[in-house]
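Engineer: Questions regarding the structure given below will be posed in turn.
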Amino acid sequence: MIENETQTIRISLALVQVDGPPLDSGSWRLSDPFRIGRAASNELELPDPGVSRRHASVERANDGWIVRDCGSRQGIELNGLALAESATARLRAGDILRVGPWQFRIDALADEHGGPGSANAPTRISVVRAVGNLAEQRLELLLQYAGDIAAARDEAALAEILAEHALLGSGYARATVLWRREGDIIVCCQRPALSPRSQWQFNAALVASAGNGDLARLESDTPPSGGQASLQRKPRRAMCVPIMLDGRAEAFLYLDSERTSARRHADAPTFCHALARLAALALSNLHRLEREREHAAFTADLERARDVQKRLLPAAADVLGAVRYALHLHPGRVVGGDVVDVFEIDGGRVVAALGDVSGAGLGAGLVMASVQSFLRAGFAHDGDPVRVVSQLNAHLCAQTGDGRFVTLWLGVFEPSGAGCHFVDAGHGHALRIAAGSVQPLSPRGCIPLGIDAQAQFVAEPLLLGRGEMVLLYSDGVVEQRGADGAPWGTEGLSHSLASAAAPADAVALAWKALGEHAGVAPEDDATMLALAVC
Numbered sequence: 003m004i005e006n007e008t009q010t011i012r013i014s015l016a017l018v019q020v021d022g023p024p025l026d027s028g029s030w031r032l033s034d035p036f037r038i039g040r041a042a043s044n045e046l047e048l049p050d051p052g053v054s055r056r057h058a059s060v061e062r063a064n065d066g067w068i069v070r071d072c073g074s075r076q077g078i079e080l081n082g083l084a085l086a087e088s089a090t091a092r093l094r095a096g097d098i099l100r101v102g103p104w105q106f107r108i109d110a111l112a113d114e115h116g117g118p119g120s121a122n123a124p125t126r127i128s129v130v131r132a133v134g135n136l137a138e139q140r141l142e143l144l145l146q147y148a149g150d151i152a153a154a155r156d157e158a159a160l161a162e163i164l165a166e167h168a169l170l171g172s173g174y175a176r177a178t179v180l181w182r183r184e185g186d187i188i189v190c191c192q193r194p195a196l197s198p199r200s201q202w203q204f205n206a207a208l209v210a211s212a213g214n215g216d217l218a219r220l221e222s223d224t225p226p227s228g229g230q231a232s233l234q235r236k237p238r239r240a241m242c243v244p245i246m247l248d249g250r251a252e253a254f255l256y257l258d259s260e261r262t263s264a265r266r267h268a269d270a271p272t273f274c275h276a277l278a279r280l281a282a283l284a285l286s287n288l289h290r291l292e293r294e295r296e297h298a299a300f301t302a303d304l305e306r307a308r309d310v311q312k313r314l315l316p317a318a319a320d321v322l323g324a325v326r327y328a329l330h331l332h333p334g335r336v337v338g339g340d341v342v343d344v345f346e347i348d349g350g351r352v353v354a355a356l357g358d359v360s361g362a363g364l365g366a367g368l369v370m371a372s373v374q375s376f377l378r379a380g381f382a383h384d385g386d387p388v389r390v391v392s393q394l395n396a397h398l399c400a401q402t403g404d405g406r407f408v409t410l411w412l413g414v415f416e417p418s419g420a421g422c423h424f425v426d427a428g429h430g431h432a433l434r435i436a437a438g439s440v441q442p443l444s445p446r447g448c449i450p451l452g453i454d455a456q457a458q459f460v461a462e463p464l465l466l467g468r469g470e471m472v473l474l475y476s477d478g479v480v481e482q483r484g485a486d487g488a489p490w491g492t493e494g495l496s497h498s499l500a501s502a503a504a505p506a507d508a509v510a511l512a513w514k515a516l517g518e519h520a521g522v523a524p525e526d527d528a529t530m531l532a533l534a535v536c
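Sequential numbering of the sequence shown, starting at 3, is according to the numbering used here.
Structure, rendered in structure tokens:
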């Protein structure tokens, strides 16, 4: 039996330049401390006016390493995040450190020890966030990534999280998230971020290949195809992973390295594919949340529109002049398209109107409000129902223009209570209730409003005796279907009104009977207006 000997390997770090003006060396093994600044006495001299003489310092702390800001004027960034003045932060392999115009990647090295299993020369170790075998590193990184990306609030944050974790675990020198926007491919996020003086472009053919839904890789000495300019170092390796949503590549994770000596992880494709799949799930969730927010905002707008519409309605029951009335309006889609109004005009006369706007929803509701406002404004200047209806018709013909029309029953009741004159513009839904008998009115009628600007309208007389009523209703009342699929119809409505003795009774009885027939609330706008002379 062979017993395994466990040995703890102390990890040293190396600083590898990945961007910025050229320096004497491209890699520096970190000492304790490792000072960075403009002064020649530093372990790493950075000759730039924006770098302080003693800018930063890397030091050992317990079992790891830290980077310390030494009160620099312009500060330092670690993984894209600025450190506060004189602050410290933990350093790990794979981190990206920015000082002035330079960017450095943190690599791990095994310390030089002559014990069993050690090498005489420093050995470069591909470590992501943890020290251990690659599978353990992948698991730790994926778990951290899954938690971070699930908490992403928007697409920009999602892209940053994806790029940072891909850079840490893929072995590539640069990670870029590309987004598809209206047929174009744009850069959403890149880690490490390029300096303003640098130029970069992706390989269009590689992205197009990944656009089919498969991971695509490229190893070539040729520069990327298309674009404006390229980096001085030609890309040697690149990989593109699609982020699929509903069978379409919505975005891409694009990884590339300019140097053949860049870190290589054999399972990088599998790892990056897992990152992309988790990103797709998070992106789908973001889209779902956005749809929910839009739906909630739309619902709130509809509720506000419904409140405004309610304010335009007259009281549910009242006595105006010589007219007693009661009404009930049920909007089928939150905002109704039925027109109903009762109001007094000069001379003690009372105007009663009920109509139906073609279509449904918010558009019909807006036309309804327009019709109601026009009628009130028209009767404020002219008491002739024919002239007011003709003017309204011309207005609708000029304004709607989308095939929308309005049916309307409009009556003007005299102050004596003897009766009224009414115009029926294609509505036709009116019943006369007298001594238990319910009969439909049979007007001459005219065409609906909003169809022909030259249409002619006529006023017809209606005489109501004591105890008699007229019930106006919209087509949503009689077209409501029951459990057997049959519409309620005029017969069902007439039967429910036989015992009605007053406008409020008529509306209550009819609405109750309609509910019993349908079993549910009406799907369409359903409106009733009962009128009687006092």
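All residues carry an ideal CB built from backbone N, CA and C; glycine is no exception.
Does E294 pass the burial test, meaning 16 or more other C-beta atoms within 10 Å, or should it be called exposed?
Structural biologist: E294 comes out exposed.
Engineer: Look up W30 in the DSSP assignment and give the residues it is bridged to.
Structural biologist: BP columns for W30 point to L17.
Engineer: Does the stretch 372-388 touch the stretch 327-346, meaning 3 or more C-beta pairs lie closer than 8 Å?
Structural biologist: A contact exists between the stretch 327-346 and the stretch 372-388.
Engineer: Going along the chain, which residues of its own chain have a beta-carbon closer than 6 Å to the beta-carbon of G438, five neighbours each way excluded?
Structural biologist: Answer for G438: A500, listed in chain order.
Engineer: Flag this pair as touching only if the stretch 441-461 and the stretch 478-485 have three or more C-beta atom pairs under 8 Å; answer yes or no.
Structural biologist: Touching, no.
Engineer: Would you call Q401 buried or exposed, if buried means 16 or more other Cβ atoms sit within 10 Å of its Cβ?
Structural biologist: By the neighbour-count rule (16 or more Cβ atoms within 10 Å), Q401 is not buried but exposed.
Engineer: Give me the Cα-Cα distance between E196 and D21, rounded to the nearest whole angstrom.
Structural biologist: A small fix is needed here, since residue 196 is Leu in this sequence, not Glu. Distance between the alpha carbons of L196 and D21: 7 Å.
Engineer: Would a C-beta distance cut-off of 8 Å place A532 and A328 closer than the cut-off?
Structural biologist: Going by C-beta atoms, A532 is nearer than 8 Å to A328.
Engineer: Tell me which residue opens and which closes the beta strand (DSSP E) that G323 is part of.
Structural biologist: First-last for G323: undefined, no H or E at that position.
Engineer: Any idea if R94 is buried or exposed, counting beta-carbon neighbours within 10 angstroms, 16 or more meaning buried?
Structural biologist: When all chains shown are included, R94 counts as buried.
Engineer: Just the Cα atoms here: how many angstroms apart are V189 and A165?
Structural biologist: Roughly 11 Å separates the two Cα atoms.
Engineer: Does the stretch 247-262 touch the stretch 172-183, meaning 3 or more C-beta pairs lie closer than 8 Å?
Structural biologist: Result yes; three or more Cβ-Cβ pairs closer than 8 Å.
Engineer: Assuming contact is defined by CB atoms lying nearer than 8 Å, are A535 and V325 in contact in what I supplied?
Structural biologist: Note that residue 535 is Val in the sequence shown here, rather than Ala. Yes; because the gap between Cβ atoms is below 8 Å, this pair is in contact.
Engineer: Determine the extent of the alpha helix (DSSP H) in which G494 is found, giving its start and end residues.
Structural biologist: G494 -> alpha helix (DSSP H) spans G491 to S498.
Engineer: Take A16 and list the residues in its own chain whose beta-carbon comes closer than 7 Å to its own, dropping the five residues that flank it on each side.
Structural biologist: Closer than 7 Å at Cβ, skipping near neighbours: S29, W30, R31, L32, D109 and L111.
Engineer: How would you write the range of the beta strand (DSSP E) that A253 sits in, first residue to last?
Structural biologist: First-last of the beta strand (DSSP E) with A253: R250 to S259.
Engineer: Of all the options A253, A240, V425 and D358, which has the alpha carbon lying nearest to the alpha carbon of D386?
Structural biologist: Nearest of A253, A240, V425 and D358 to D386, Cα basis: V425.
Engineer: Counting only the same chain and skipping the five closest in sequence on each side, list residues whose C-beta sits under 6 Å from that of P442.
Structural biologist: Counting only Cβ-Cβ distances below 6 Å, and skipping sequence neighbours, we find L433.
Engineer: Do I98 and R92 have their C-beta atoms within less than 8 Å of each other?
Structural biologist: Taking 8 Å as the Cβ cut-off, I98 and R92 do not qualify as a contacting pair.
Engineer: Can you name the start and end residues of the alpha helix (DSSP H) that V522 belongs to?
Structural biologist: Unbroken run through V522: none, as it is neither H nor E.
Engineer: Quick test of the definition: if touching needs 3 or more C-beta pairs under 8 Å, does the stretch 275-288 touch the stretch 382-396?
Structural biologist: Because the criterion of three Cβ pairs below 8 Å is not met, the stretch 275-288 and the stretch 382-396 do not touch.
Engineer: Let me check one thing: in DSSP terms, what residues is E462 bridge-paired to?
Structural biologist: Paired residue(s): F424.
Engineer: Can you look up F576 in the DSSP assignment and give me helix, strand or coil?
Structural biologist: Outside the shown range of the chain (3 to 536) lies residue 576, about which nothing can therefore be said.
Engineer: Taking 8 Å as the CB-CB cut-off, is L160 touching chain C?
Structural biologist: In summary, chain C is missing from the structure at hand, where a single protein chain is found.
Engineer: Please classify L83 as buried or exposed, where buried requires at least 16 other C-beta atoms within 10 Å of its C-beta.
Structural biologist: Exposed.
Engineer: Please classify L145 as buried or exposed, where buried requires at least 16 other C-beta atoms within 10 Å of its C-beta.
Structural biologist: Burial call: exposed.
Engineer: Based on Cα-Cα distance, which residue from L451, V359, A298 and A284 lies nearest to Y475?
Structural biologist: That would be V359, whose Cα lies nearest to the Cα of Y475.
Engineer: DSSP three-state call for W513: helix, strand or coil?
Structural biologist: Helix, per DSSP.
Engineer: Specify the secondary structure class of R131 as computed by DSSP and reduced to three states.
Structural biologist: Low local confidence applies: a pLDDT of 35 at R131 is under 50, so the model's placement there is unreliable, and no value is given.
Engineer: What is the residue span of the alpha helix (DSSP H) that S286 lies within?
Structural biologist: Unbroken alpha helix (DSSP H) run through S286: A270 to L314.
Engineer: Taking the continuous beta strand (DSSP E) assigned at A63, which residues delimit it?
Structural biologist: Per DSSP, A63 belongs to the beta strand (DSSP E) from A58 to A63.
Engineer: Under 8 Å, do I151 and A281 count as touching if we go by C-beta distance?
Structural biologist: Yes, Cβ-Cβ distance for I151 and A281 is below 8 Å.
Engineer: Would you mind stating whether A251 and L220 have Cβ atoms separated by less than 8 Å?
Structural biologist: Result no, Cβ atoms of A251 and L220 do not sit closer than 8 Å.
Engineer: Mapping the DSSP letters down to three states, classify V353 as helix, strand or coil.
Structural biologist: DSSP places V353 in strand when its eight states are reduced to three.
Engineer: Along the alpha helix (DSSP H) that carries P387, what are the first and last residues, could you check?
Structural biologist: Per DSSP, P387 belongs to the alpha helix (DSSP H) from P387 to Q401.
Engineer: For R406 and Y147, I'd like the C-alpha separation in whole angstroms.
Structural biologist: If I take the Cα positions, the gap works out to 54 Å.
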